[in-house]
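K.L.:
Quick one: structure below, then a few questions.
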Amino acid sequence: MLLDQRLLSESRAVTALVESKSGKRAVGRDALKESLRAKGVDEAQLGIADRSDEDERAIMLGLIQKLDDRARAARLLARRGFDEDLIGSVLDQRYGEVD
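In our numbering, each residue's number is its place in the sequence shown (first place is 1) plus 2.
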């Protein structure tokens, strides 16, 4: 009914959900898409949640910038649903490679 009266826009709602999972509350691409699916978002709308690897890296670096502990940063990023390979790469970039 709200959609019919143009009081609610599915694309605006999806965009708002994606933005709410950015910044300090950011989650990985796949976790974001899963969250959108759980809320009943149409598969055609999931493209809004697509982010490049570089975007994911920037988000992850922003999340861990104040953390001095590599293990703590790894747990945070894994808990947020970021890709395991990207996590390793970002941790190496931020803290240096593990011997």
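The beta-carbon is built from N, C-alpha and C at its ideal position, and this holds for glycine as well.
Small disclaimer: the values here were computed from a predicted structure and weren't measured.
For T103, tell me which candidate among D32, G30, L48 and K26 has the shortest Cα-Cα distance.
P.N.:
Since the first residue shown for the chain is 3 and the last is 101, residue 103 is missing from the structure and cannot be characterised.
K.L.:
Grab me the residues of M3's own chain with a C-beta within less than 8 Å of its C-beta, minus the 5 sequence neighbours each way, in chain order.
P.N.:
With a pLDDT of 44 at M3, under the threshold of 50, the modelled position of this residue cannot be trusted, and the question is left open.
K.L.:
Rounded to a whole number of angstroms, what is the C-alpha to C-alpha distance between L9 and D71?
P.N.:
For L9, the predicted model reports a pLDDT of 47, less than 50, meaning its position is unreliable and no value from the coordinates is stated.
K.L.:
Quick check on the DSSP output: the alpha helix (DSSP H) that includes D94 runs from which residue to which?
P.N.:
Unbroken alpha helix (DSSP H) run through D94: E86 to Y97.
K.L.:
Among A15, G25, S22 and L65, which one has its Cα closest to the Cα of G42?
P.N.:
Of the listed residues, the one whose Cα sits closest to G42 is A15.
K.L.:
I'd like to check one pair, R96 with I61: are the Cβ atoms closer than 9 Å?
P.N.:
No, these two residues do not count as a Cβ contact at 9 Å.
K.L.:
Within its chain, find whatever has a CB closer than 7 Å to the CB of L5; leave out the 5 residues flanking it on each side and keep chain order.
P.N.:
Low local confidence applies: a pLDDT of 48 at L5 is under 50, so the model's placement there is unreliable, with the coordinate-based value given in what follows. So the list reads E12, once near-sequence residues are dropped.
K.L.:
Can you tell me which of the three DSSP states G64 falls into?
P.N.:
Correct three-state label for G64: helix.
K.L.:
Measuring alpha carbon to alpha carbon, tell me which residue in F84, G98 and K68 is nearest R59.
P.N.:
With distances taken between Cα atoms, R59 lies closest to F84.
K.L.:
Taking only three categories from DSSP, how would you classify S22?
P.N.:
S22 falls in the helix class under three-state DSSP.
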